[in-house]
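What follows is a short report on a single structure.
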Amino acid sequence: MPGPMIAYCGPAAVPSDLWARWNTDPVVITALAMLALYMARGRSANARAGWGAIALMLFIFVSPLCALSSALFSARVLHHMLLVAGVAPLLARAFPQRHTNPLPLAVLVAVHAVILWLWHAPGPYTWGLASVPAYWLMQLSMLGSAWLMWRAILAPSLPTGPALLALATTIGQMGLLGAIIVFARQPLYLVHLTSTAAWGLSPVADQQLAGLLMWVPAMLPYLGVGLWLAWSSLRPSESAL
1 MPGPMIAYCG PAAVPSDLWA RWNTDPVVIT ALAMLALYMA RGRSANARAG
51 WGAIALMLFI FVSPLCALSS ALFSARVLHH MLLVAGVAPL LARAFPQRHT
101 NPLPLAVLVA VHAVILWLWH APGPYTWGLA SVPAYWLMQL SMLGSAWLMW
151 RAILAPSLPT GPALLALATT IGQMGLLGAI IVFARQPLYL VHLTSTAAWG
201 LSPVADQQLA GLLMWVPAML PYLGVGLWLA WSSLRPSESA L
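Take the sequence shown: its position 209, counting from 1, is numbered 209 in our numbering, and each next residue is one higher.
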């Protein structure tokens with residue numbers, strides 16, 4: 001049975017056509033090319049991070065992952081986790097916070113959590129895939145809120161304690177959301193109801209895989225940054241001994 005039509009990424013991919021399903025949307029390609037030109041002119045604070053963000057966005061939006069995310073909720077969650085835990089911190093390093101943020105870090109963490117939970121609730125999730133504007137509202141709100149949060153966390157002026165607390169809070173709320181998805185006993189994301197079978201998965205198994213991705217692997221970037229911040233905070237005191 002053919003899978004559903006997703007407004008932006010198109011029909012759900014099946015194994016036989018996955019590697020032919022590259023996204024050639026000229027708007028996305030132009031936007032990434034303009035960002036690359038901006039990077040090439042030396043406008044970023046960390047060129048390596050900026051180019052890494054561009055490469056990751058090419059994988060998320062241009063590669064066949066886009067079509068696969070029309071078929072599988074687990075692929076969509078992978079897409080989202082790469083966006084908020086990969087692209088966002090890389091952009092935060094490339095374009096860091098220059099001035100004091102008018103919003104407290106706690107507010108940024110809370111706003112990002114609300115946006116993440118909102119777009120993974122079944123109703124808003126389905127609506128977010130129903131039209132191109134809704135799709136980009138989903139993508140840009142998750143990326144924008146994550147970028148603002150990561151910029152604040154990585155700001156040199158921020159003490160290590162609040163940064164670690166923000167990372168731990170984000171790990172906790174993402175883990176809770178992932179656990180809820182893992183232990184759901186019935187299909188929640190009906191837009192993928194008919195497309196999982198082609199990949200040898202039931203809708204519930206697809207959800208469980210998605211929840212596990214959000215619960216465990218997605219925490220690794222936050223944990224890694226937390227350990228790096230903690231280690232960096234200890235180095236001056238070590239040199240003073």
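Even for Gly, the Cβ is constructed at its ideal location relative to N, Cα and C.
- G10 sits in a strand when the DSSP states are folded into three classes.
- In this chain, the alpha helix (DSSP H) harbouring S69 covers L65 to A71.
- Pairing G211 with G161 gives a Cβ-Cβ distance that is not under 8 Å.
- Cβ atoms of A12 and S131 stay farther apart than 8 Å, at about 17 Å.
- For R48, the three-state secondary structure derived from DSSP is helix.
- A distance of 8 Å or more separates the beta carbons of V28 and V84.
- Between S141 and L234, the alpha-carbon positions lie close to 35 Å from each other.
- If you check the CB distance, A205 and V14 do not come in under 8 Å.
- The straight-line gap separating the alpha-carbon atoms of L137 and H120 is approximately 13 Å.
- DSSP places Q173 inside the alpha helix (DSSP H), whose first and last residues are T160 to V182.
- For I115, the closest C-alpha among the options M174, C66 and P89 is that of M174.
- If you check the CB distance, A40 and A94 do not come in under 8 Å.
- Check the Cα spacing between Q207 and each of L32, P159, L129 and I180: the tightest is with I180.
- If you look at T30, you'll find it in the alpha helix (DSSP H) that goes P26 to A40.
- Beyond the five residues adjoining it in sequence on each side, R98 comes within less than 7 Å, by CB distance, of no other residue in the same chain.
- Taken atom to atom, the span from the alpha-carbon of W150 to that of G86 is near 10 Å.
- In this structure, L165 sits away from A92, with a CB-CB distance that is not shorter than 8 Å.
- Rounded to whole angstroms, the separation of the alpha carbons of L82 and M57 is 9 Å.
- For N101, the closest alpha carbon among the candidates P156, L167 and P221 is that of P156.
- In this structure, the alpha-carbon of A146 lies about 24 Å from that of L68.
- With fewer than 16 other CB atoms across the displayed protein chains lying within 10 angstroms of its CB, V216 is exposed.
- Annotated as distal: L213 and V111, with beta-carbon spacing of 8 Å or more.
- Of the residues assessed, A45 falls on the exposed side of the cut-off, its CB having fewer than 16 other CB atoms within 10 angstroms.
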